[in-house]
Every structure is written in structure tokens, then in C-alpha cells.
Amino acid sequence: MTEERSVDERISAWLLDEAPSQLPDRVLRQAFGETRATRQVRTLLPWRSPMLRFTPATFAAGAAAIALLAVGIALSTRPSTSGPPIGSASPAPTGIPAASLGSGLVPVALTGEVAFVATVDGNTDIYLMNADRSNVRRLTDDPAEDQNPEWLPGGMKLMFDRRTQLDPELAEIYVVDVATGIETALTNTHERAAGARVSPDGTKIAYEHAAGVFVMNIDGSGQRRVFTADGFYTLLGWSNGASVVMRREASQELVRLDIASGKLTTLSEAEEPRNGILSPDGELRAFSDATHRGIWVAAADGSAVRHVVGDWTRAYATMWMPDSRHLLFAQGDGWLYVVALDGSGLTRWTEALAAAPRPSP
Amino acid sequence: MEQPVQRDVVEAARRGDHEAFEALAIASGDRLYAIACLILRDRQRAEDAVQETLVHAWRELPRLRDADRFEAWLRRLVVNACADQGRRQRRWAAEVNVVHLEPAIEDGAGSLADRDQLERGFRRLKPEQRAVVVLHYYVGLPVPEIADTLGVPAGTVKSRLHYATTALRAALEADGRGVLAANGRMA
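Heads up: the sequence lines are chains W and A, in that order. Taking this note's numbering, the leading residue of the first sequence gets 10, the next gets one more, and so forth. Taking this note's numbering, the leading residue of the second sequence gets 13, the next gets one more, and so forth.
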């Protein structure tokens with residue numbers, strides 16, 4: 010027993026002696042540089058994609074604008090996929106659209122509306138603005154925290170979480186009609202129902218519940234539990250019309266849940282990437298991390314990793330366009346960019362840092 | 013050793029208050045760095061792991077469901093970041109088959125033989141075993157809290173701790189001859 014204590018003490022003494030006393034300041038500076046950039050994006054955009062409302066007509070117009078701009082870029086300056094010095098590009102006018110900056114980067118006029126979360130006077134609600142950052146307006150107004158807005162098919166309604174209590178967490182899923190502001194509760198669990206995601210075909214909604222994962226029809230009918238959780242899981246999105254992808258928080262594993270059978274399949278227990286954002290069709294995952302500089306894309310299961318664009322230390326694949334073929338992302342210079350999955354058409358969209366909304370209460 | 017963070021600061025950071033997050037990160041940075049250094053035995057990789065941890069924490073903070081679990085959650089993130097770093101290092105080591113060691117610094121705390129034998133024994137442990145040793149012997153967590161931090165059963169923690177302690181004891185009891193090298197050694 011004496012010897013056992015001695016070994017314990019020797020191990021403890023060695024570890025205490027070996028431990029450094031102070032984290033170098035540069036690590037904090039670098040980390041804060043990255044988190045400040047994502048702060049602005051998080052303020053501007055909600056936490057989950059898709060966040061822009063695109064009707065087929067407006068998206069077609071936006072895609073056409075992107076295509077035209079891409080052609081212009083190709084004719085003027087060929088966009089580099091190996092790390093263009095975007096961060097040092099000359100400042101662009103905040104007005105959109107704007108003329109070419111002469112650097113191969115052009116603000117692009119995206120049509121549609123942006124839903125985002127903002128906290129004003131301590132009240133967290135859903136806000137809207139036009140994609141050109143005009144017409145900022147409050148959509149919900151409730152003392153509870155309204156979060157995670159997600160457009161329903163057709164772009165006329167937004168689904169969101171309303172958290173009424175933090176500890177223990179109580180939240181329900183609501184839908185609000187954007188035109189009328191009329192809210193409808195899709196769940197009435199008196200527990201935690203949150204993180205809802207719409208299936209690719211727009212007919213089903215999956216959501217996290219304190220007891221597991223539930224699926225319901227798009228109107229809230231037909232609710233049924235499809236998975237009993239043995240811990241915390243975060244619903245990332247639909248993998249296809251028949252399964253969803255989740256992250257098991259205890260182990261950070263990605264798992265696929267088959268809705269019909271409730272069977273879990275581990276996707277990438279020991280593989281990278283383990284982060285990223287699923288495309289609307291559930292087929293791809295966009296990501297960026299310390300070993301994958303710039304923007305990268307992989308299959309939903311982590312295979313078929315390929316580089317899209319850039320060589321920045323850090324980029325943030327913040328959202329997918331509804332066509333699952335374009336990405337909107339930010340990098341450290343405080344701008345948002347649009348790029349096609351093949352790396353073409355790298356286009357400056359808007360200035361995230363300057364666009365942090367300041368809506369009136 | 014640890015000062016509990018204020019719940020309201022965590023809540024503010026959860027809601028997107030970056031200044032609150034910075035305060036939390038500054039308060040936790042040294043501790044996270046020490047944990048990462050001890051697990052990885054490489055300061056550069058530890059810096060990368062801490063940076064990854066802080067960026068990941070900021071991104072995932074809105075999903076933290078219990079502010080009182082912030083510190084345990086942060087420890088889990090840094091251990092996971094160390095595991096990621098470890099995987100990259102293993103791939104590198106598999107190609108090169110040499111792991112560079114920083115030379116030991118004699119500062120009078122503990123015998124050089126102890127340090128070298130513990131170093132050698134520790135480097136032979138798997139990353140998950142190293143994490144358990146650091147959380148138990150350095151952070152001072154009991155087995156249930158380590159299990160909670162790592163998200164594994166308490167029995168698994170006990171098993172890892174038992175194996176690791178046995179291995180370190182064996183390293184301490186081993187003859188230190190032939191262990192020392194001037195500048196480095198083979199992994």
C-alpha cells in the first residue's frame with residue numbers, strides 16, 4: 010500500500026513538474042481571431058442551413074447572376090484554388106450589386122431573404138432581412154429564446170425552436186408564417202423538442218427529443234419516436250429520405266439512424282472529418298479544419314474527401330445553397346463568399362463584419 | 013486546482029457574447045494547455061489542440077445543455093482534440109518511424125531517473141490511457157468524473173487507469189540503464 014501511494018505520488022509529481030504554466034498568448038489571439046469571425050457569421054446567419062429563402066424563381070435568378078458573374082470573373086481574372094490572398098483584397102463597397110473590384114472578386118447579388126437569430130435587450134428572436142442586407146425586421150417576439158430557424162419547403166414558413174426554460178431545458182418546435190406572423194406549435198412535449206430538420210423531399214421533420222429522436226409529418230401530425238437515446242445526440246440532418254445523421258456527443262462519433270428500423274450505424278468513428286455541414290440533399294459534408302485548409306467537401310460518411318477552394322488557415326463552411334452545388338462561407342477577412350463545388354465562380358457575397366444586424370427592438 | 017466558472021458567464025457565451033467567451037477561454041486556457049501538453053508530449057501539437065478546442069467550443073457552445081457542465085465539456089473537447097492530434101502523429105510516425113523528444117530539463121524536482129522512466133513508460137501508453145492518467149493524477153478527478161468527462165463507463169476508466177498505472181510502475185521499477193539518450197530516441 011505504501012509502495013502504491015509512492016507510485017501515485019511519483020506520477021503526480023512528475024506530471025505537475027512537466028506541465029507548462031502558461032498558454033502562449035498567440036494561441037489565444039489566433040483562436041479569438043477565428044471565433045470573432047464566426048461570431049459575426051453566427052450573428053448574421055442562423056446556426057443551421059438552409060438559411061436563405063429561395064423560391065425556385067428567385068434561386069434561378071440568383072444562380073443566373075452567379076453564373077454571369079462567374080463568366081465575368083473567368084474572363085477577367087482566373088480564380089485561384091490554391092490560396093488567393095483574399096484577405097488582402099481591397100475593400101469592397103457594401104452596396105450590392107457592385108462593379109468588379111479588379112481583383113477577381115465581385116460582390117454578388119443574391120435574391121431571397123435571410124433568417125437569423127439576434128438577441129436584442131436580452132430577448133432572443135428570429136429576424137429577417139433581404140439577402141442584400143436591407144429591410145431587417147423582427148419576425149418573432151416572445152420572451153422565450155427562439156432559435157434554429159429553418160425554412161420549410163416553398164419558403165413561406167419558418168420552423169424554429171422556442172426554449173422556455175434552460176435548466177431543465179424545455180423547448181418546443183414552432184412554425185411561423187412569414188407573411189402573417191401567425192405561429193403554430195408543432196410539438197407539445199413539455200420536455201425538450203428541438204433541432205428539427207426537414208427531409209429532402211419536404212414531407213417529414215425529424216427532431217431531437219429528451220427521450221430520443223422523433224419524426225413527424227410536415228404539419229406536425231403522425232409523431233412517432235424512431236430512436237431511444239442512450240445519451241446526448243445532435244441531429245445534423247437527413248442523410249436521405251430514409252435516415253438521418255447524428256453526432257453522439259459523448260464520443261463525437263457520427264452515426265446514421267435508419268428511420269424505419271431504428272438501427273444505428275457508425276459512420277466515421279476514427280476518420281476525419283468529423284465536423285462539417287451536411288448539404289440539403291444529405292449527400293455531402295462541407296468542412297474546414299486544421300489539416301484541411303480552405304474549403305473541403307466529403308461524402309456524408311467522411312469518404313471521398315476533396316478540396317474545393319482556398320488555402321486559408323481557417324474557413325467556415327457556413328451554409329449550402331439549396332441546390333447542394335454551391336457553398337456560402339466566411340473566412341478570416343470578415344467577408345462571405347459563394348463558390349461552386351468544383352471551385353469555380355469564387356465570388357464575394359457580402360461583408361459579414363459590417364453586416365452584423367442591429368435591429369431596433 | 014480549478015476555479016469554477018460562473019454560470020452566468022457561460023450562459024452569456026452560449027447566447028453569443030464573445031467577450032464572455034473570451035473570459036472563459038482565458039480562464040481555462042492554461043489548464044487546457046497543460047492537459048494537452050501532458051497527453052501529447054509536444055508543445056506545438058498541444059497549442060494546435062487548444063486552438064482547435066477553443067474554436068470548437070465557440071461553435072458548439074449553443075448546444076451545451078447544462079452550463080454547470082462547461083468545464084467537464086471543455087476537458088472532453090481538449091481530450092478529443094488531443095486524440096485527433098495523436099492520430100495525425102501516428103500516421104506521421106508510421107511513415108517516419110521516429111518521434112522526436114524534447115530533451116528533459118533538470119530542475120531539481122524529482123530524480124532524473126524517475127522522470128526518464130516515467131516519460132518512457134508514458135509514451136508507450138495509448139492516447140486514451142494517457143488522458144485518464146492526466147485527468148486523474150494531474151487534474152485530480154475521481155473515476156466517476158473522468159468517466160463523465162470522457163463519456164465512457166466508469167469501468168472503462170478503471171481499466172485504463174489500472175493498466176496505465178501498472179505500466180508506469182513497471183517503468184519505474186525497470187533498470188534505467190540504456191534508457192537515456194543524448195538528444196532523442198526511437199519511438
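Here a beta-carbon is modelled for each residue, glycine too, at the ideal position from N, C-alpha and C. Quantities reported herein were computed from a predicted structural model and do not represent experimental measurements.
Whole runs of the beta strand (DSSP E) within the region 171-207 of chain W, excluding any shorter than 3 residues = 178-186, 192-194, 202-207
Write down the C-beta distance between residue 147/W and residue 155/W rounded to the nearest angstrom, noting that I regard them as a contact closer than 8 Å.
-> Incorrect: roughly 10 Å between the Cβ atoms, too far for contact.
First and last residue of the uninterrupted alpha helix (DSSP H) at residue 150/A | Looking at the DSSP string, residue 150/A is not in any alpha helix (DSSP H), and its letter there is neither H nor E.
How do the region 243-257 of chain W and the region 211-221 of chain W stand: do at least 3 beta-carbon pairs fall below 8 Å, yes or no?
-> yes
Measure the CB-CB distance between residue 196/W and residue 202/W and report whether it falls below 7 Å.
-> yes
Could you tell me which residues DSSP pairs with residue 127/W in its beta bridges?
-> 134/W
Rounded separation between residue 88/A and residue 156/A - CA only | 14 Å
For the beta strand (DSSP E) containing residue 138/A, list its first residue and its last residue.
-> Careful: residue 138/A lies outside any beta strand (DSSP E) and carries neither H nor E.
Determine the chain A residues that contact residue 21/W at a beta-carbon separation under 8 Å, and present them in chain order.
-> 149, 150
Quick one: which chain A residues come within Cβ less than 7 Å of residue 181/W?
-> Those do not exist, as residue 181/W stays about 16 Å from chain A at its closest Cβ, beyond 7 Å.
Within chain A, the residues that residue 312/W reaches when beta carbons sit closer than 9 Å | Under the 9 Å cutoff, chain A gives no residues; its nearest Cβ is about 17 Å from residue 312/W.
Under 8 Å by Cβ, that's how I've got residue 235/W and residue 268/W pegged, so tell me the actual separation to the nearest angstrom.
-> 5 Å
Whole-number beta carbon distance between residue 171/W and residue 188/W, since they are thought to touch under 8 Å | Actually they do not touch by this definition, with Cβ atoms about 20 Å apart.
Rounded straight-line distance, which links the Cα of residue 32/W to that of residue 57/A | 12 Å
Compare the C-beta of residue 266/W against all C-beta atoms of chain A and say whether one is closer than 7 Å.
-> no
Amino acids of chain W, ordered along the chain, whose beta-carbon sits closer than 7 Å to that of residue 45/A = 29, 32
On a CA-only basis, which of 314/W, 150/W, 184/W, 179/W is nearest residue 164/W? Give me that one, please.
-> 184/W
Report the three-state DSSP secondary structure of residue 265/W (helix, strand or coil).
-> strand
Of all Cβ atoms in chain W, is any one closer than 7 Å to the Cβ of residue 81/A?
-> no
Have a look at residue 232/W and residue 166/W and give me their C-alpha separation to the nearest angstrom.
-> 20 Å
Looking at C-beta atoms only, is the number of pairs between the region 67-75 of chain A and the region 133-147 of chain A that lie closer than 8 Å three or more?
-> no
From the beta carbon of residue 253/W, is the nearest beta carbon of chain A less than 7 Å away?
-> no
Residue 259/W: contacting residues in chain A (beta-carbon distance under 9 Å) | 88, 162, 163, 164
Any Cβ of chain W within less than 7 Å of the Cβ of residue 36/A?
-> no
When you compare only the Cα positions, how much space is there between residue 126/W and residue 136/W?
-> 6 Å
Short Cβ contact (7 Å threshold) for residue 93/A with residue 61/A = yes
Amino acids of chain W, ordered along the chain, whose beta-carbon sits closer than 9 Å to that of residue 168/A = Correct list: empty, because the minimum Cβ distance to chain W is about 12 Å.
Under the assumption that residue 21/W contacts residue 42/A (Cβ atoms under 8 Å), give the Cβ distance between them as a whole number of angstroms.
-> In fact, because the Cβ distance is near 18 Å, the residues do not count as touching under 8 Å.
Separation of residue 311/W from residue 17/W, as counted between CA atoms = 41 Å
At least one CB of chain W closer than 7 Å to the CB of residue 179/A: is that the case?
-> no
Return the Cβ separation of residue 318/W and residue 355/W in integer angstroms, given the expectation that the two are a contact with Cβ distance under 8 Å.
-> 6 Å
Taking the Cβ atom as the reference point for each residue, do residue 23/W and residue 130/A lie within a distance shorter than 7 Å?
-> yes
Would you kindly check if the distance between the Cβ of residue 346/W and the Cβ of residue 334/W is under 7 Å?
-> no
Option in 35/W, 41/W, 19/W, 26/W with minimal Cα separation from residue 31/A | 41/W
Could you say which of 52/A, 21/A, 46/A lies nearest to residue 25/W if we only look at CA atoms?
-> 46/A
Starting from residue 247/W, trace the beta strand (DSSP E) both ways and give me its first and last residue.
-> 242-249
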